[in-house]
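Chemist: Sequences listed follow chains L and U, in order.
For the first sequence, the positions run 2 to 239 when our numbering is used.
For the second sequence, the positions run 31 to 351 when our numbering is used.
Quick reminder that beta carbons are idealized off the backbone N, C-alpha and C, glycines included.
Quick caveat: nothing in here was measured; it's all calculated off a predicted structure.
I have a structure here, written as structure tokens, and I will follow up with some questions on it.
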Amino acid sequence: MEPLIEARGLTKRFGGIVAVNGLDLAVHPGELVGLIGPNGSGKTTTINMMTGHLRPSAGEVYVRGTRADGSPPSRFAALKVGRTFQITQLFSRMTLMENMLVPGLARPHSHRAEATRQARLHLDFLGLAKLETLQARHLSGGQQKLLELGRALMLDPDILFLDEPFAGVNPFLRDEIIALIQKLHADGRTFVIVDHDIEAIQRLVNRLVVMALGRKIADGAVDDVSHDPEVLRAYAGV
Amino acid sequence: MTGKQLRQAALLLVAAAVALAFPGMVNNYWLSVGITALFYAIVAASWALLVGYAGQFSFGQMAFVSMGAYTSGALARYLDVPIPLGILAGIALCALTGCGIGYICLRMRGPYLALFTVAFSEVFRIILVSEAEVTGGNGGLEIPPLFHTLSDKPYYYLFLALLAGTLILMGLLVRSRWGLFFRAIRENEDAAAAAGVKVVRFRLLAFMIAASFAGLAGGFFGHYVAILTPDIGSVDQMGLVVAMAVIGGAESLLAATAGAILVEFLLEALRAYSEWRLVLFAVVLLLTVRFARNGLLALAVQSAARLVRRRPAAVPAREPV
Chain L
2 MEPLIEARGL
12 TKRFGGIVAV
22 NGLDLAVHPG
32 ELVGLIGPNG
42 SGKTTTINMM
52 TGHLRPSAGE
62 VYVRGTRADG
72 SPPSRFAALK
82 VGRTFQITQL
92 FSRMTLMENM
102 LVPGLARPHS
112 HRAEATRQAR
122 LHLDFLGLAK
132 LETLQARHLS
142 GGQQKLLELG
152 RALMLDPDIL
162 FLDEPFAGVN
172 PFLRDEIIAL
182 IQKLHADGRT
192 FVIVDHDIEA
202 IQRLVNRLVV
212 MALGRKIADG
222 AVDDVSHDPE
232 VLRAYAGV
Chain U
31 MTGKQLRQAA
41 LLLVAAAVAL
51 AFPGMVNNYW
61 LSVGITALFY
71 AIVAASWALL
81 VGYAGQFSFG
91 QMAFVSMGAY
101 TSGALARYLD
111 VPIPLGILAG
121 IALCALTGCG
131 IGYICLRMRG
141 PYLALFTVAF
151 SEVFRIILVS
161 EAEVTGGNGG
171 LEIPPLFHTL
181 SDKPYYYLFL
191 ALLAGTLILM
201 GLLVRSRWGL
211 FFRAIRENED
221 AAAAAGVKVV
231 RFRLLAFMIA
241 ASFAGLAGGF
251 FGHYVAILTP
261 DIGSVDQMGL
271 VVAMAVIGGA
281 ESLLAATAGA
291 ILVEFLLEAL
301 RAYSEWRLVL
311 FAVVLLLTVR
321 FARNGLLALA
331 VQSAARLVRR
341 RPAAVPAREP
351 V
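Pasting the structure below:
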């Protein structure tokens, strides 16, 4: 089966520092992949390159076989690649509905009435429907995470990169977000999730990719990877 | 219609009635102040569109005013081009230059963008001073007026119509999906890009549109004053426009417009106080930035609305008989 998104030899250098070094990563439709690694291992840089927010120093990114590296994020969005950010990035002084309408109306041939209907459906799914006229800056941290997820859903993405979706979220809301991701995955969406919350990641994903010092050091089923000696050494210093 | 919309409509109707009756109530001096205020109102609205809505902090609007005025003026003076065509040419040149400035500044934000546009304005002003054979330099360039009348009334109504047209067009723009994308870019460029907004395209569009409206204002104003000097595009003038928009409220087209009209009339009314009036406005500007970031007028309107809502009914409702 053709990968939904694929990185080949992806490399990013910042001056003398190699943040990502020759990474190969293919994600197939329907997968739920966890991308983990210690701080500074290159996870967010990888996501940034695979969604157009960073231009790779070397290597290629393919979306459904179409080369896309170096394209702006809007092209990745048009190719149905959605993402959220490590530090939540909202349109703070715009209402929840306006936050949702931006991606809804950025899609080609979109209509406001249909985009509004979709936005209401997603806000309802996320439990934010009653707040649609509120400015995003008034939401709690957890609600902001949910709104960011909702905004990404407005792209009707085939694949979603979630960068630390559980960071700064209380355990109750974390479980709620896990349930939402599981529902969306069951509906056929593909996910790549980056997080430090190993317990949450292990509960959620069916494939784990581990990075250390810019390289992929393990890739496979959760049980296999979590007992890999190199992973234990790199991740826990064991 | 909601109560807020009704209040806004009523306020606009009163403002329109006062504006239409204004020439009949004042002498020619205050009429010319009114025309200048309307000119600044268009420029302040264009700055509010670029800065307040699209978040691109630029000091270049008065340079575009100057570009529009000199283009149309020089075409009319040297090549006998009909004035409306000259003004259109000025607008087109401003749009192209605005697009170019926007493109060069794509990677610039905040103070860097502001400094770049200050430098652009100064370079353009110095070119106008230096190329005196064509521009007249500091001595000024005489250009044909738009109307050959003794009264300024035709100019007043022309600028009133231009302001109304500008506000209607800009109002439609900010309520459209383009306006939504402008505000998204202002709030967070990375998030806007991730949401599928073509950030480069819309940043360029914001620069182009704002520069075009400034060029439009400059083109008409040039043919009103009929003598152009490079100072029209100076940083001082730009500072005045910024003060007008900020005091009114840079994130609202109507508030920025009202700010421009208010400040221009107050500047004239306080002329007896010479330079002290500028000190006064500087203090008002500082207080506005510190305590009312959405502008004094926006704050005043909100406070008035709050007061109206809180006021108890003067006459208690009668019990049904």
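Using a 10 Å radius around the Cβ and a threshold of 16 neighbouring Cβ atoms, would you call G3 of chain L buried or exposed?
Modeler: Position 2 of the first sequence, counting from 1, holds the residue named residue 3 of chain L. Reading the sequence as shown, one finds Glu at residue 3 of chain L and not Gly. By the 10 Å Cβ count, E3 of chain L comes out exposed.
Chemist: Any beta carbon of chain U sitting closer than 8 Å to that of G16 of chain L?
Modeler: By one-based count along the first sequence, residue 16 of chain L stands at place 15. Taking Cβ atoms only, chain U never reaches closer than 8 Å to G16 of chain L, which makes this a no.
Chemist: Would you tell me roughly how many angstroms separate the C-alpha atoms of R94 of chain L and L123 of chain U, rounded to the nearest one?
Modeler: As a working mapping, residue 94 of chain L is identified with position 93 in the first sequence. As a working mapping, residue 123 of chain U is identified with position 93 in the second sequence. Whole-angstrom Cα-Cα distance: 34 Å.
Chemist: Helix, strand or coil for K183 of chain U? Go by DSSP, reduced to three states.
Modeler: Indexing the second sequence from 1 puts residue 183 of chain U at position 153. Three-state DSSP puts K183 of chain U in a helix.
Chemist: Roughly how many angstroms lie between the CA atoms of L1 of chain L and V193 of chain L, to the nearest whole one?
Modeler: With chain L running from 2 to 239 in the structure shown, residue 1 of chain L is simply not present.
Chemist: Over the uninterrupted alpha helix (DSSP H) stretch that includes N100 of chain L, give me the two end residues.
Modeler: Here residue 100 of chain L refers to the residue found at position 99 of the first sequence. Residues 97-107.
Chemist: Suppose you measure from the CA of T134 of chain L to the CA of L124 of chain L; what does that come to, to the nearest Å?
Modeler: Looking up residue 134 of chain L in the first sequence gives position 133. Looking up residue 124 of chain L in the first sequence gives position 123. One C-alpha to the other measures close to 11 Å.
Chemist: Tell me A69 of chain L's beta-bridge partners as DSSP assigns them.
Modeler: The count along the first sequence starts at 1 and reaches residue 69 of chain L at position 68. None, per the DSSP bridge assignment.
Chemist: Could you tell me if T67 of chain L is buried or exposed, where buried requires 16 or more neighbouring beta carbons within 10 angstroms of its beta carbon?
Modeler: Against the first sequence, residue 67 of chain L aligns to sequence position 66. By the neighbour-count rule (16 or more Cβ atoms within 10 Å), T67 of chain L is not buried but exposed.
Chemist: Please name the residue, chosen from L:V211, L:G16, L:D224, L:R56, that lies closest to R234 of chain L on a Cα-to-Cα basis.
Modeler: What you label residue 234 of chain L is simply residue 233 of the first sequence in a count that begins at 1. Looking at the Cα atoms, L:V211 is the closest of the given residues.
Chemist: Span of the beta strand (DSSP E) holding E294 of chain U?
Modeler: Within the second sequence, numbered from 1, the residue matching residue 294 of chain U stands at position 264. Taken as a continuous stretch (DSSP letters only), E294 of chain U belongs to no beta strand (DSSP E), being part of the alpha helix (DSSP H) at 283-299.
Chemist: With K34 of chain U as the anchor, note down where its alpha helix (DSSP H) starts and where it stops.
Modeler: Here residue 34 of chain U corresponds to residue number 4 of the second sequence, with the count starting at 1. Run containing K34 of chain U: 33-55, per the alpha helix (DSSP H) assignment.
Chemist: Closest Cβ-Cβ distance between V103 of chain L and chain U: below 8 Å?
Modeler: As a working mapping, residue 103 of chain L is identified with position 102 in the first sequence. Yes, contact with chain U.
Chemist: Going by DSSP, what residue range makes up the beta strand (DSSP E) through Y63 of chain L?
Modeler: Mapped onto the first sequence, residue 63 of chain L falls at position 62. Segment 59-64, the beta strand (DSSP E) holding Y63 of chain L.
Chemist: Show which residues of chain L have a CB atom less than 9 Å away from the CB atom of F211 of chain U.
Modeler: Locating residue 211 of chain U in the second sequence gives position 181, where the first residue counts as 1. Chain L residues near F211 of chain U: V103, L106, A107.
Chemist: Could you tell me which uninterrupted alpha helix (DSSP H) segments, each at least 4 residues in length, are contained entirely in the stretch 183-221 of chain L, listed from first to last along the chain?
Modeler: With a minimum length of 4 residues, the continuous alpha helix (DSSP H) runs that stay inside the stretch 183-221 of chain L are 199-205.
Chemist: DSSP three-state call for F94 of chain U: helix, strand or coil?
Modeler: Within the second sequence, residue 94 of chain U is the residue found at index 64, counting from 1. Looking at F94 of chain U - three-state DSSP - the assignment turns out to be helix.
Chemist: Locate the alpha helix (DSSP H) running through F92 of chain L, then write down its first and last residues.
Modeler: Taking the first residue of the first sequence as position 1, residue 92 of chain L is located at position 91. It is not in any alpha helix (DSSP H) - F92 of chain L carries neither H nor E in the DSSP assignment.
Chemist: Helix, strand or coil for Q136 of chain L per DSSP?
Modeler: In the first sequence, counting from the first residue as 1, residue 136 of chain L sits at position 135. Strand, per DSSP.
Chemist: Quick one: using the 10 Å Cβ neighbour count with 16 as the cut-off for buried, is E305 of chain U buried or exposed?
Modeler: For the purposes of this step, residue 305 of chain U is taken as the residue at position 275 of the second sequence. E305 of chain U comes out exposed.
Chemist: Given a limit of 9 Å on CB to CB distance, which residues of the stretch 219-243 of chain U reach chain L?
Modeler: So the list reads D220, A221, A222, A223, A224, A225, G226, V227, K228, V229, V230, R231, given in the order they occur along the chain.
Chemist: What residue range is occupied by the uninterrupted beta strand (DSSP E) comprising R14 of chain L?
Modeler: Counting from one through the first sequence, the residue named residue 14 of chain L turns up at place 13. That run of the beta strand (DSSP E) goes 6-15.
Chemist: Among the candidates U:P141, U:Y133, U:K183, U:T147, whose CA atom is the shortest distance from the CA of A53 of chain U?
Modeler: Within the second sequence, numbered from 1, the residue matching residue 53 of chain U stands at position 23. The displayed chain sequence assigns Pro, not Ala, to residue 53 of chain U. If we check each option's Cα against that of P53 of chain U, U:K183 comes out closest.
Chemist: Under 6 Å Cβ to Cβ from V63 of chain U, same chain only, skipping five residues before and after it: list those, please.
Modeler: As a working mapping, residue 63 of chain U is identified with position 33 in the second sequence. Around V63 of chain U: E298.
Chemist: Is the beta carbon of G38 of chain L less than 8 Å from the beta carbon of L205 of chain L?
Modeler: Against the first sequence, residue 38 of chain L aligns to sequence position 37. Against the first sequence, residue 205 of chain L aligns to sequence position 204. Their beta carbons are not under 8 Å apart, which means G38 of chain L does not touch L205 of chain L by this criterion.
Chemist: In the structure shown, what three-state DSSP assignment does R207 of chain U receive?
Modeler: As a first step, residue 207 of chain U is located in the second sequence; it is residue number 177 there, counting from the start. Correct three-state label for R207 of chain U: helix.
Chemist: Given a cut-off of 8 Å, decide if I121 of chain U and G249 of chain U are closer than it, judged by their beta-carbon atoms.
Modeler: Taking the first residue of the second sequence as position 1, residue 249 of chain U is located at position 219. Taking the first residue of the second sequence as position 1, residue 121 of chain U is located at position 91. In contact: G249 of chain U and I121 of chain U (Cβ atoms closer than 8 Å).
Chemist: Decide yes or no for the touch test of the stretch 253-273 of chain U against the stretch 135-155 of chain L: beta carbon pairs closer than 8 Å, at least 3 of them.
Modeler: No, because fewer than three Cβ pairs between the stretch 253-273 of chain U and the stretch 135-155 of chain L fall closer than 8 Å, the two stretches do not touch.
Chemist: By the three-class DSSP mapping on this structure, what secondary structure does V170 of chain L have?
Modeler: Here residue 170 of chain L refers to the residue found at position 169 when the first sequence is read from its first residue. The answer is coil: DSSP assigns V170 of chain L none of H, G, I, E or B.
Chemist: What does a CB cutoff of less than 7 Å around N22 of chain L pick up in its chain, not counting 5 residues either side in sequence?
Modeler: Here residue 22 of chain L refers to the residue found at position 21 when the first sequence is read from its first residue. Within the same chain, N22 of chain L has close Cβ partners T12, G215, R216.
Chemist: Using a Cβ cut-off of 7 Å, pull out every chain U residue sitting near P74 of chain L, in sequence order please.
Modeler: Residue numbering aside, residue 74 of chain L sits at position 73 when the first sequence is read from its first letter. Simply A223, A224.
Chemist: Determine whether the Cβ of R139 of chain U lies closer than 8 Å to any Cβ atom of chain L.
Modeler: On the second sequence, position 109 is the one that residue 139 of chain U refers to. Chain L, which has no Cβ nearer than 8 Å to the Cβ of R139 of chain U, makes this no.
Chemist: Give the interface partners of R207 of chain U over in chain L, defined as CB-CB distance under 7 Å, in chain order.
Modeler: Numbered from 1 along the second sequence, position 177 holds the residue referred to as residue 207 of chain U. Correct list: L106.
Chemist: Taking the DSSP output, what are the residues bridged to E172 of chain U?
Modeler: As a working note, residue 172 of chain U is residue 142 in the second sequence. Its beta-bridge partners are U:I257.
Chemist: Cβ of T191 of chain L within 8 Å of Cβ of P74 of chain L?
Modeler: Here residue 191 of chain L refers to the residue found at position 190 when the first sequence is read from its first residue. Here residue 74 of chain L refers to the residue found at position 73 when the first sequence is read from its first residue. No. Outside cutoff.
Chemist: Report yes or no: is there a C-beta of chain U within less than 8 Å of the C-beta of L140 of chain L?
Modeler: Counting from 1 along the first sequence, the entry for residue 140 of chain L is found at position 139. No - not a single Cβ of chain U is within 8 Å of the one on L140 of chain L.
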